[in-house]
Structures are given as C-alpha cells and as structure tokens.
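Chains as they are written, first to last, in this note's numbering: chain L, 1 to 369; chain B, 1001 to 1369.
For glycine and all other residues, C-beta sits at the position ideal for the given N, C-alpha and C.
Predicted, not measured: the structure shown is a model, and the values here were computed from it.
Note sheet for the following structure.
There are 2 protein chains.
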Amino acid sequence: MMFEFEVLKECEKTGARAGVLHTPHGDIKTPVYMPVGTQAAVKALTTQQVEECGAQILLANTYHLYLRPGDELVKEAGGLHQFMHWDKPILTDSGGFQVFSLGELRRLTEKGAHFKSHLDGSAHTLTPEKVMQIEQNLGADIIMAFDECTPYPATYEYTKNSMERTHRWAERCQKAKTSRNQALFGIVQGGMFADLRRESALAINSMDFPGNAIGGLSVGEPKAKMYELLEVVTPLLERNKPRYLMGVGTPDCLLEGIERGVDMFDCVLQTRIARNGTALTSQGKKVVRNAEYARDFSPLDPECDCYACRNFTRAYIRHLLKAGEILGGMLLSLHNIHFTVKLMEGAREAILGGYFPEYKKEKFQKLGY
Amino acid sequence: MMFEFEVLKECEKTGARAGVLHTPHGDIKTPVYMPVGTQAAVKALTTQQVEECGAQILLANTYHLYLRPGDELVKEAGGLHQFMHWDKPILTDSGGFQVFSLGELRRLTEKGAHFKSHLDGSAHTLTPEKVMQIEQNLGADIIMAFDECTPYPATYEYTKNSMERTHRWAERCQKAKTSRNQALFGIVQGGMFADLRRESALAINSMDFPGNAIGGLSVGEPKAKMYELLEVVTPLLERNKPRYLMGVGTPDCLLEGIERGVDMFDCVLQTRIARNGTALTSQGKKVVRNAEYARDFSPLDPECDCYACRNFTRAYIRHLLKAGEILGGMLLSLHNIHFTVKLMEGAREAILGGYFPEYKKEKFQKLGY
Chain L
1 MMFEFEVLKE CEKTGARAGV LHTPHGDIKT PVYMPVGTQA AVKALTTQQV EECGAQILLA
61 NTYHLYLRPG DELVKEAGGL HQFMHWDKPI LTDSGGFQVF SLGELRRLTE KGAHFKSHLD
121 GSAHTLTPEK VMQIEQNLGA DIIMAFDECT PYPATYEYTK NSMERTHRWA ERCQKAKTSR
181 NQALFGIVQG GMFADLRRES ALAINSMDFP GNAIGGLSVG EPKAKMYELL EVVTPLLERN
241 KPRYLMGVGT PDCLLEGIER GVDMFDCVLQ TRIARNGTAL TSQGKKVVRN AEYARDFSPL
301 DPECDCYACR NFTRAYIRHL LKAGEILGGM LLSLHNIHFT VKLMEGAREA ILGGYFPEYK
361 KEKFQKLGY
Chain B
1001 MMFEFEVLKE CEKTGARAGV LHTPHGDIKT PVYMPVGTQA AVKALTTQQV EECGAQILLA
1061 NTYHLYLRPG DELVKEAGGL HQFMHWDKPI LTDSGGFQVF SLGELRRLTE KGAHFKSHLD
1121 GSAHTLTPEK VMQIEQNLGA DIIMAFDECT PYPATYEYTK NSMERTHRWA ERCQKAKTSR
1181 NQALFGIVQG GMFADLRRES ALAINSMDFP GNAIGGLSVG EPKAKMYELL EVVTPLLERN
1241 KPRYLMGVGT PDCLLEGIER GVDMFDCVLQ TRIARNGTAL TSQGKKVVRN AEYARDFSPL
1301 DPECDCYACR NFTRAYIRHL LKAGEILGGM LLSLHNIHFT VKLMEGAREA ILGGYFPEYK
1361 KEKFQKLGY
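What follows is the structure in structure tokens.
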C-alpha cells in the first residue's frame, strides 16, 4: 500500500511510538515535525535550506494557495512539488482553520463555508467537494478533510453541532476524492469536551482514513486541557495509522504529544518567532534581539550544528536583527527548524532505544519547562 | 608584495585588461564586480549563497558599521571576515559617500565631516585619521581613503576646493594608516570637469597607493559624461595598479568601464532591484512582478545556471513577490549577483581570448542597450 504506516517500536511506559510512513515522495520517519510553507514557501528559506535542516515533509495551506496564486495555476505548474521545488512529501491542510479564523467575514452552512477573501474581499464558497478538488490540483501527498475548527470558547451545543457537521463533511470528502496517489486524513474535533472528543475520535476512526488528525486544539486552551483531551482521543485512533496533531507546537507540546501517541505535528512558531528575533535553543528560548547578546560571540546554541550555529554568533545575528537585515530572520528560521527537527529525531531515537521517558525528562529540565 | 596586481592581458583595441589582484584572503580575478554588504550582510543572502554566486570579494560600508554595531565591536568579534563569516577578500569604503549623502545633516571643515547619525541623531565627526582607525578595526583587505564625494551638480570652484581637500585628506590617510595587512586605495575626484579630473588623477597617482579608485561618478550625470571622464582619468592611473570605479554599475556601465581600463566595480543595484522584483537577464531586465509572468513556467533567465534558475520558474517567483514572501527577493538577489558575476567572468575570458570588443558588442545587442 502506497501510504502504509509501520509502527516500529512503542514506548513501554508511555504512548510514544516510532514509525515510518511511506508516501509517493519518500518515507517519513515519525514522530515528525513539519515546517509550514503557507504560501508554497517556508518563510525566508529556500527549499534547499529547509532540506539541509533535515525536514522530511512540508505543510502548505490550501486556503492561501487557492486564493493566490490559485490551485489551477499550481496544477498547470505541475503541482506543488514542482512549483516550489520540493521533492519530498507535502501535506496540505483543508483551509478549515484559516476560513474559521476569518470570523465576521465568513458564514457557515451545511453546504460549506462562505467567506470573503482577506486579500481583495471577493466572495468564495468552500465545500468539502471543492476543497477536495483544490487539494487534488495542488497535488500534495497527504490531504486533509474539510472541517470546522471549532472556536474557543464554544458552548456544548455549538461544539456538538459543529463536530457532527465535520463528520458529515469528512464523509463528503471521502466520496469526492478521486485521486489515487494522495492520502486523505480525517480530522477529529469536539472542542474542549471529553465526551465529544471521544465521540469524534470513534466516528473519524470508523471512517477508515489512512491517517487521523486531531484538530481544534492549541487554540487558546490551557496546555493541561490539551493533554487531557489527547489522552482521550489518541487511544481511540487506530494504532497502525499515523496520528497528526494539527498546529502544534512548542518543544514541550511536541514531547507531550509524542508521549500521548502522536506521530505528526506542524507549527509556524519556529519561523514566526525567528523573524521576531527569538531562537529555540537547548537551554530554552533566547531573545537574541536583546542587548545582553550584543557582545556574545558564541553561537545561538552551542549544542547545535546547523548552518547558522556553525558559522555565526549571537552578536552578529543580533546586529542583523537590529539593522533590519533579512538575513537575521533567515538564520534564525533555519536554526529554529533545525532545532525542532533534531528534537524530534532525538525523541525517535529515544523511543527506539527504550529511553523516551528519560529523554523527555532531560529535555524538559534543560529547556526550562 | 602582499597586494601585488598583475596585468595578464590587455585588449589590443580598447583599454580593457584582465588581471589578478593578490590579497591576504586570496586572489581576485579582474575585472571584478563586488556585491555590496552594507551592514556586514549582502541583503537577503547568506555568505554561502553569495559564494555560490561566484563572488570573489564583498564591499562593506564603513559609515553604517561605525554607527551600528560599531567598529570596536567588529574588532572584538575578530574583524569583519569572522563577524560576517566571509573568508574571501573584503573592501570597506570610507564613509565619504554616505556622509555626503546626508545633505543638511552634515558640515564639512578641513578637519573632517561633522554629521548627525541617521539612526538616532547623535553627533559624530569623521576625520581621515578617525576613518583609518575605523577601517583598521573593521579589518578589510582593501580600505578606502576618506574623501568628499563632490555633489552633482557643483560649481567649478566648489569642485576644485573639494578635490584639493580630498587630496590633502588622502595624504592624511596615508600617514594615519598603521596596519600592514591592508591596502589603502586613493580616490580620484574632480566632479564633472575634465581638467580637474586630470589634475586629481595625477595627484592621486603620484601618492603611490597600491590601488586607485575613481569616485564621484554615477551620481546623476549622463552616462556619456561618465565615460568621457573615465577616458581622461584611467590612462593617468598607473598601469600596474588596480583601478576601481566606485558605485558602478549596471551591465552596460560595467562593460563600458572595463573598455576604459577599469578593473573593479561595486553596485547595490543588483540586490536593490531584486527586492523590487526585477531580474537582470541575458535578454535584458525583466520585471518579474508583472502579470505577464503569472503563468510563465520558464526560468528567470534560460541561459543562467544559478540556484534560482535551475530550480524555480518566473511564475513561482512572481507568486512569491505578490504574496510578500521574502524568498522572492532572496532568489532574485541571488540570480542578479550571479548574472553580474558571470557577465564579468565572460568579459575577462574575452579579454584573455582577444575578443573583448566582440563580446561587448554581442552583450549590448542581447541586453538591449
């Protein structure tokens, strides 16, 4: 099977597992962090640089690419892989999260989401069928079902209705999808309610998608709540399929997610905080913009061997940031992605080696959580 | 001698010559285009990318680095090479051009230039002695004498007085310089007046600098005027020393300069127009932002083998530019530098091969000049 997922090893004390997901563009070793290339570009990096960071798969955003440059154009270009020159796997989200982030600009019906473009105010409707067509045009290896990312906070009633519609939309996506070289993942919703999360996990799991995602978390709730809900959901999702926690995360959330049986993650934090001058390091976050680094001639992270850490100092990168040089954000983006990829590689080795709980404990101490 | 310049071959029909300039950080094959790293960074590129473009030497700006992060800090970092991680030659200008661009914010005396920082309004004085100290702290291989870049237009009297002061400052720079591993270049001024240019060329040449620069051109005058003045100046500058035309230029000006015996050039145009969405190509300039490239799936320049042209299309780069993705400017900057470096390499080969006039003619036709 083209998208077979093999669980190679499970942690004896936690839900953590190490696996391999086979895709038409190569194997993905899990657990895996996916850098985000919203508009078919990881911000401030070439795909060569992203690859040198060790990234195995990128995420691109259906909503953004549908509006600009348009999925038809991407198809004409030969699909996303060729358009952005990335020949490893790609995952596209469904646009659900972005559309629902539009707030007042969108209206929801059983049919789909009606919204105005954030670019030019033009009117659009995304339905499950339309989203499948768009994602097929984009041509990613893994495509996501169209869902409603339930707002936070939301009432029980709103959340239940929203979740049920997400389930109906998931079925419509399954029916609408015609491509054979793409894996469609379903998305568990259910907001902040454990019983709805359970119901959603069972429903989505029963639809037999080749992979299952968990959406609507990391939307503003306390981290403890997210972990609690993950513990409800992941055991209900089939063991031999990859589990993907959408929009997560920070180093602590990644390790907590792995511990609870999650295999795939994506997050824009790495590149966003980079452009604001912050580095993720083995000793925790460092705001390199700060004056304390003006004469600090050590690398961003002494334990890191990325291009930025091998060749440049905190003092230099701080200078770039203060001087408004794009290169500052480039080097920090590169480092933060590399750092996160290595954190995940370390977790995988730890799972395979049978010492994941110790690995997590040590990382939490060093990272200051 | 550490900075020996060898003329390998001279064109029989023009003043063009091919040479090699030896420096402590390696040889520079001339004629050469120097990308500009104003604030110790070539805008939007890593030094690795700049090196992959074939750049042999970078220019950095003394004025900017003196104000931020400060030349003392750069010295503490081990000098510019180490600070910015570039182990090939570097040239620093003297700050003359930047200070005189400040207009109302600066005042000139025999002693030096008194000005207010464009960053915070703080008061500063740059003298020839101070500039030598700064450039020694920065530690470039080639350093420039402090001059006045005569404004355009200027009266004969103003230009003559300014030029004479530049000569006195050049002597003061020579006396003040104590470093032994740096080559100090003098700068010819004289504005738009052929007799003053002649006088300045003779004066600067007689001071026996290891290299001679021509400043105060490409400041707004017609190109024909620049070429005419170059023809006055270059024959008066010693044959066995490199000649550097400051702040030039566009592909046509580079080839015209080479034809008139210039060996070194620098220009910010390549990276500046890149960030605005324009590519230099073998068929002339292309404004890749334009709608006509929306579905153009050919490379920026079909004759180019840079990273951008090998891997990305005009349509993709246009998408990046329209979407505000930094990567668009990165790829165009990389291409424009690569293009210019290759243009110069081609000129050098043509001189060595005895067909420079034909090379220039062909390039002018293809580039649309």
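Contact between L1073 of chain B and P1251 of chain B is absent: CB atoms are separated by about 37 Å, not below the 8 Å threshold. With fewer than 16 other Cβ atoms inside 10 Å of its own Cβ, H118 of chain L counts as exposed. The DSSP assignment places 1017-1023, 1026-1030, 1032-1034, 1058-1060 as complete runs of the beta strand (DSSP E) inside the stretch 1008-1066 of chain B, in order along the chain (cut-off: 3 residues). Secondary structure note for A123 of chain L: its beta strand (DSSP E) is the uninterrupted segment 123-126. Taking a beta-carbon distance threshold of 8 Å, M344 of chain L does not count as an interface residue toward chain B. DSSP places L184 of chain L inside the beta strand (DSSP E), whose first and last residues are 183-188. DSSP, read as helix, strand or coil, puts Y1152 of chain B in coil.
Put simply, the backbone Cα of A347 of chain L is about 6 Å away from that of F356 of chain L. Remark: C-beta atoms of M1002 of chain B and H1022 of chain B approach each other more closely than 8 Å. Per the C-alpha coordinates, the member of L:D208, L:L230, L:M207 positioned closest to I214 of chain L is L:L230. Secondary structure at N240 of chain L: coil, using DSSP grouped into helix, strand and coil. Burial check for Q1136 of chain B: the Cβ neighbour count within 10 Å reaches 16 or more, so the residue is buried. Taking 8 Å as the cut-off, the beta carbon of L332 of chain L is found closer than this to the beta carbon of A279 of chain L.
In the three-state scheme derived from DSSP, where H, G and I count as helix and E and B as strand, R348 of chain L is classed as helix. For M207 of chain L, no alpha helix (DSSP H) run applies, since DSSP gives it neither H nor E. The C-beta distance from I337 of chain L to Q270 of chain L rounds to 5 Å, short enough to fall under 8 Å. The DSSP-derived three-state label of E6 of chain L is strand. Cβ-Cβ distances below 7 Å link F1083 of chain B to A1040, V1074, A1077 in the same chain, with the five nearest sequence neighbours on each side left out; the list follows chain order.
Residues of the same chain with a CB within less than 7 Å of the CB of T1062 of chain B, apart from the 5 flanking positions on each side, are T1092, D1093, S1094, G1095, V1131, I1134, E1135, L1138 in chain order.
In chain order, P1024 place their CB closer than 6 Å to the CB of N1181 of chain B, counting only its own chain and leaving out the 5 sequence neighbours on each side. Cβ-Cβ separation between V1036 of chain B and V1268 of chain B: approximately 5 Å, consistent with a contact (criterion under 8 Å).
Around the beta carbon of G257 of chain L, 16 or more other beta carbons lie within 10 angstroms, which makes this residue buried.
For F1364 of chain B, the uninterrupted alpha helix (DSSP H) segment begins and ends at 1356-1367. Look at A279 of chain L here: in three-state DSSP terms it is strand. Here T92 of chain L carries a strand assignment [DSSP, helix/strand/coil]. Counting along the chain, D1266 of chain B sits inside the beta strand (DSSP E) bounded by residues 1264-1266. Under the three-state reduction of DSSP, M144 of chain L is assigned to strand. The beta carbon of L1327 of chain B sits closer than 6 Å to those of L1320, all from its chain and outside the five residues before and after it, given in chain order. By the neighbour-count definition (other C-beta atoms within 10 Å, threshold 16), Y156 of chain L is an exposed residue. Within the stretch 1314-1336 of chain B, the residues whose Cβ lies closer than 9 Å to any Cβ of chain L are, in chain order, A1315, Y1316, R1318, H1319, L1320, K1322, A1323, G1324, E1325, I1326, L1327, G1328, G1329, M1330, L1331, L1334. By the neighbour-count definition (other C-beta atoms within 10 Å, threshold 16), L1202 of chain B is an exposed residue.
Rounded to the nearest whole angstrom, the C-alpha separation of G1277 of chain B and G1329 of chain B is 7 Å. One thing to note: I187 of chain L has its Cβ within 8 Å of the Cβ of T166 of chain L. Non-local C-beta neighbours of K225 of chain L in its own chain, meaning closer than 7 Å and more than five positions away in sequence, comprise M192, ordered along the chain. Neighbours of Q39 of chain L in chain B, taken as residues at a C-beta separation under 7 Å, are given in chain order as A1323, E1325. Chain-order list of chain L residues neighbouring K1075 of chain B: empty, with the shortest C-beta distance near 11 Å, by a criterion of under 8 Å.
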